[in-house]
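One structure below.
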Amino acid sequence: MPNSWEERHKFESKMRLRALRIIREKKLDGIVMFADDSNMHSMELFDEIQNVKWFGAVSVGILTHSVNTDEMADRKKDEEENPRMPVQGPACNASDMLAGWHTFNTLPFAGKSAVALER
Numbered sequence: 000m001p002n003s004w005e006e007r008h009k010f011e012s013k014m015r016l017r018a019l020r021i022i023r024e025k026k027l028d029g030i031v032m033f034a035d036d037s038n039m040h041s042m043e044l045f046d047e048i049q050n051v052k053w054f055g056a057v058s059v060g061i062l063t064h065s066v067n068t069d070e071m072a073d074r075k076k077d078e079e080e081n082p083r084m085p086v087q088g089p090a091c092n093a094s095d096m097l098a099g100w101h102t103f104n105t106l107p108f109a110g111k112s113a114v115a116l117e118r
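Position 81, counted from 1, in the sequence shown is what numbering that gives the first Met the number 0 calls 80; the numbers after and before it change by one each time, with no gaps.
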């Protein structure tokens, strides 16, 4: 994922266009909605989704990495026992009805920059 917001939005647009091309090529039937952290959604959307017979979601993972090595060393043992990964996706209640959306809490990363890791 690109480091700058401008490049990230360009990259997200490319991913959306690729998804739409696949849908067109495979002649898939249905409605497509991109529900990610770059968009805002009314809670009414989740009410309407209840009327859909079939619902699918594809999760896209974004791994974050902080360059603060002291902080990482302090958390390393805890994370080995309780790994934390950013998760976004549909949240269902006990009746298997869509109740909301799991989002990734960015507050712990406020003011920090992403760093590209060498391959």
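Glycine included, C-beta positions come from ideal geometry on N, C-alpha and C.
Straight-line CA distance for residue i to residue j?
i: Ile30; j: Trp100; result: 18 Å
i: Lys13; j: Glu6; result: 11 Å
i: Glu24; j: Glu11; result: 20 Å
i: Gln49; j: Met39; result: 19 Å
i: Asp95; j: Pro89; result: 11 Å
i: Ala93; j: Leu16; result: 35 Å
i: Trp53; j: His8; result: 29 Å
i: Val120; j: Asn2; result: Residue 120 lies beyond the range of the chain shown here (0 to 118); nothing can be said about it.
i: Glu47; j: Arg20; result: 26 Å
i: Glu43; j: Thr102; result: 17 Å
i: Ser41; j: Lys26; result: 29 Å
Indicate whether residue i and residue j have their beta-carbon atoms separated by less than 8 Å.
i: Phe45; j: Leu97; result: yes
Tell me, please, whether the CB atom of residue i is closer than 8 Å to any CB atom in chain B?
i: Ala90; result: This model lacks chain B altogether; it includes just one protein chain.
Is it right to say residue i is buried, meaning 16 or more other beta carbons lie within 10 angstroms of its own, or is it exposed?
i: Trp4; result: exposed
i: Ala18; result: exposed
Does at least one heavy atom of the ligand ATP sit under 7 Å from the Cβ of residue i?
i: Glu5; result: Among the ligands in the structure shown, none appear at all, so the ligand ATP cannot be discussed.
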